[in-house]
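Adding 2 to a residue's 1-based position in the sequence shown gives its number in the working numbering. Here is the structure we will look at, set down as structure tokens.
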Amino acid sequence: RAICDECKAAYIPDEESMQNIGITPEMFAGKEIYGGKGCHSCLNTGYRGRTGIFELMVLDDQIKNLILKTSDSNAIKRKAVEQEMVPLRQDGALKVLNGVTTVEEALRVTQK
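The structure is reproduced here in structure tokens:
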């Protein structure tokens, strides 16, 4: 869910939530984190509209061979991340840093 533009306001999220989503203090230094306060436009939810959080793994020959040779999903994911795949939770964190959604919402939809 996307933050409502009508009631969007900066706030300071708790440290635990920021750590859980992988955002370090250095990453949001000088940036504001936003949430919705709730208003008539969003029916007091703080959210209005939706946005996508995506993870795309390109299956090149190295990844294909790894899939065929092992059933270790962690090894496959590590290799994909080495090749610049952005994991789902990291994409959620980027959306938080860009003011699109909240830390809580990104955590909710990317539960481990």
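Note that CB positions come from ideal geometry on N, CA and C, so glycine has one too. A quick note: this is a predicted structure, and the numbers were derived from the prediction, not measured.
If you check the beta carbons only, do residue i and residue j fall under 9 Å apart?
i     : j     : result
Gly24 : Arg91 : yes
Gly54 : Gly38 : no
Leu58 : Val88 : yes
By how many angstroms is the C-alpha of residue j removed from the C-alpha of residue i?
i      : j      : result
Asp74  : Ser43  : 46 Å
Pro15  : Val105 : 7 Å
Gln64  : Ser19  : 35 Å
Gln85  : Arg110 : 27 Å
Asn76  : Asp7   : 38 Å
Gly51  : Ala4   : 5 Å
Thr112 : Pro27  : 21 Å
Cys9   : Leu61  : 41 Å
Ala12  : Phe56  : 25 Å
Could you have a look at residue i and say whether DSSP puts it in helix, strand or coil?
i     : result
Ala31 : coil
Lys79 : helix
Lys39 : coil
Ile5  : strand
Looking only at DSSP bridge pairs, what is residue i linked to?
i     : result
Asp10 : The residue asked about is misnamed: residue 10 is Lys in this sequence, not Asp. Answer is Gly38.
**OP:** Assess, as a yes-or-no matter, whether the region 92-106 is touched by the region 31-50 under the definition of 3 or more beta carbon pairs within less than 8 Å.
**Re:** yes
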